[in-house]
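Data block below; observations after.
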Amino acid sequence: MPKTPRLTSQGMSHQDVLAKMRELRADDANWREGRTWSLVYNAGEDIRRLLAEAYTEFMSENGLSPLAFPSLRTFESEVLAIAAELFQGETAAGTMTSGGTESILMAVKTARDFARAEKGITAPEMVLPASVHPAFQKAAHYFDVKPINVPLAADFRADVAAMRAAVGPNTVLVVGSAPAYPHGVVDPITELAAMAQEKGVLFHVDACLGGFLLPFARKLGHDVPPFDFAVPGVTSMSADLHKYGYAAKGASLVLYRSAELRRYQFFTYADWCGGIYASPSMAGTRPGGAIAAAWAILKYLGEEGYLKLAGTVLDTARTLREGIAAVPGLKLLGEPKLSVFAFSSDTLDIYALGDAMEARGWKLDRQMGPPALHLMVTPAHAKVAEPFLADLRECAASLASGAPAPEGSAAMYGMLGAMPDRREAADFIRQFMDAIYE
Ligand SMILES: *Cc1c(COP(=O)(O)O)cnc(C)c1O
């Protein structure tokens with residue numbers, strides 16, 4: 001047994017507990033100063049404070065029972081109605097979930113159960129562009145739906161012809177992203193949805209990332225391709241409130257074109273000795289705080305607030321993209337126009353560049369297909385765009401001159417990326433997780 005702290009016989013004081021927690025956070029990713037380019041969607045201290053109050057106000061309430069807490073039911077149905085209107089889904093119906101992954105799990109389960117009931121499909125498959133979020137692989141794994149993974153087109157968007165060729169008699173779902181996380185580009189949703197409709201198959205748009213950004217980007221005059229229920233053939237969508245909705249963590253939603261389709265998501269059990277059990281999504285107990293905080297932020301910001309934040313994010317992302325593209329040796333992947341993107345290099349070791357930036361306090365995600373560094377831009381990054389670019393120019397020039405990069409994770413990413421057997425790479429990561437969670 002590893003030596004772990006036991007439950008002490010005596011408790012600590014309120015103050016000591018909090019002091020200890022603050023001490024333990026010393027090495028956490030520094031998102032407050034905009035140094036972290038993933039994981040935290042920071043829109044400022046006023047928003048964080050509102051979320052904290054709204055969340056704690058409802059943190060004991062349980063969204064499992066809509067009858068016990070009409071307040072939560074109102075919050076949830078209003079959040080869903082707002083989303084349905086943003087996504088032009090007049091008849092759309094859905095549920096809130098704990099996050100993008102749960103929304104995606106639910107969309108896949110719904111498609112599987114719909115196809116089983118309506119078409120008698122017992123060996124379901126779904127057709128996925130290579131850039132879709134791993135939550136779809138997780139759904140495939142959990143629900144025994146075979147993933148058919150389709151390589152991307154040269155512009156890093158889904159390849160419509162290749163997707164069409166992958167649809168077969170057992171296909172229950174086709175998926176596109178708006179946008180996909182790795183390269184930040186929106187898949188050709190209109191074409192994919194038309195193809196799925198022609199084949200009589202459900203089509204899901206994963207707008208986990210873009211759901212609460214794209215409608216506002218469009219209003220601001222940005223070039224946003226069709227991605228929502230206005231597109232014929234789109235049958236479900238996922239959108240994360242806890243990303244560009246700026247809600248507290250634990251809030252996402254899934255919407256279907258109709259309530260009839262949503263019914264395949266619900267779970268009910270009428271034979272329990274504990275009474276009738278009904279649950280809308282994966283979770284049993286559903287934290288009231290997350291639902292309440294999501295409602296609070298939509299009310300607090302309103303359309304005006306979201307437009308302002310979207311403008312800041314899109315302007316900052318453009319500044320960063322132009323700055324990066326101007327650094328000798330660096331290039332953007334595809335043509336990202338929104339708030340996330342990746343850059344790579346034909347001449348520099350991009351992972352070494354990641355280590356050099358990390359030594360200067362910048363935390364960037366490493367990508368593998370192809371090797372690249374990734375940025376997810378939030379309002380908090382507006383004030384650090386210039387210092388970031390200055391550091392990037394210096395680090396890239398230093399690497400180009402042959403100076404060694406500081407020691408970091410470059411060797412590990414290089415090794416993992418180069419393993420020809422991907423199962424071997426997956427096993428390596430599993431061992432790594434064992435060690436981390438020991
Ligand atoms: C973040 C994300 C998800 C998964 O969301 P979680 O909240 O992390 O579970 C799914 N799809 C896309 C495109 C995402 O960016």
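Residue numbering for the sequence shown is 1 to 438, as defined by full-length UniProt numbering. Positions of the beta carbon are idealized from the N, C-alpha and C atoms, including for glycine.
ask   = On the three-state DSSP scale, how would you describe residue 158?
value = strand
key: Minimum length 3: unbroken beta strand (DSSP E) runs contained in the region 341 to 425   = 365 to 368, 371 to 376
ask   = For residue 191, which residues does DSSP report across the bridge?
value = According to DSSP, residue 191 bridges with nothing at all.
ask   = Between which two residues does the beta strand (DSSP E) carrying residue 519 extend?
value = Missing from the structure shown is residue 519; the chain here goes from 1 to 438 and no further.
ask   = Quick one: what does DSSP say residue 440 is sitting in, helix, strand or coil?
value = Absent from the model: residue 440. The displayed extent of the chain is 1 to 438, so no value can be given.
task = Assign residue 141 to buried or exposed, taking buried as 16 or more other Cβ atoms, counted over all protein chains shown, within 10 Å of its Cβ.
result = exposed
query = Which whole runs of the alpha helix (DSSP H) in the region 22 to 99 are 4 residues long or more, in chain order?
reply = 45 to 57, 70 to 86
query = According to the Cβ coordinates, are residue 151 and residue 130 closer than 8 Å?
reply = yes
query = To the nearest whole angstrom, what separates the beta carbons of residue 94 and residue 255, a pair I think is in contact under 8 Å?
reply = 4 Å
task = Run the proximity test for residue 288: is its beta-carbon closer than 7 Å to any non-hydrogen atom belonging to ligand 1?
result = no
6 Å CB neighbourhood of residue 153 in its chain, flanking five on each side removed = 159
key: residue 288 (DSSP reduced to helix, strand or coil)   = helix
request  = Go ahead and label residue 350 buried or exposed: buried means 16 or more other beta carbons lie within 10 angstroms of its beta carbon, across all protein chains shown.
outcome  = buried
key: Cβ separation of residue 37 and residue 433, assumed to be a contact under 8 Å, to the nearest whole Å   = So it is not a contact: roughly 23 Å between Cβ atoms.
query = Mind checking residue 230: buried by the 16 CB within 10 Å criterion, or exposed?
reply = exposed
ask   = Just reading off the alpha helix (DSSP H) that residue 217 is part of, what are its end residues?
value = 214 to 219
message = Per the DSSP calculation, residue 268 is bridged to which residue(s)?
response = 278
query = Using the C-alpha atoms, what's the distance from residue 372 back to residue 100?
reply = 24 Å
task = Give the straight-line distance between the Cα atoms of residue 242 and residue 253, rounded to the nearest whole angstrom.
result = 10 Å
task = Going by CA-CA distance only, name the one from 179, 171, 105 that's closest to residue 336.
result = 179
ask   = Which one or two residues does DSSP pair with residue 227 in a beta bridge?
value = Looking at the DSSP assignment, residue 227 forms no beta bridge with any residue, so it has no partner.
key: Sequence-distant residues of the same chain with beta carbon closer than 6 Å to residue 270, five excluded per side   = 276
query = What's the gap between the Cα of residue 210 and the Cα of residue 23?
reply = 35 Å
ask   = Should residue 177 be listed as close to ligand 1, given that the test is whether its C-beta is under 7 Å from any heavy atom?
value = yes
ask   = Exposed or buried, what is residue 362 when buried is set at 16 or more other beta-carbons lying within 10 Å of its beta-carbon?
value = buried
Distance between residue 64 and residue 338 (C-alpha atoms, nearest Å) = 36 Å
inquiry  = On the DSSP bridge list, what partners appear for residue 101?
reply    = In DSSP, residue 101 forms no bridge with anything.
Opposing strand residues paired with residue 149 [DSSP bridges] = 128
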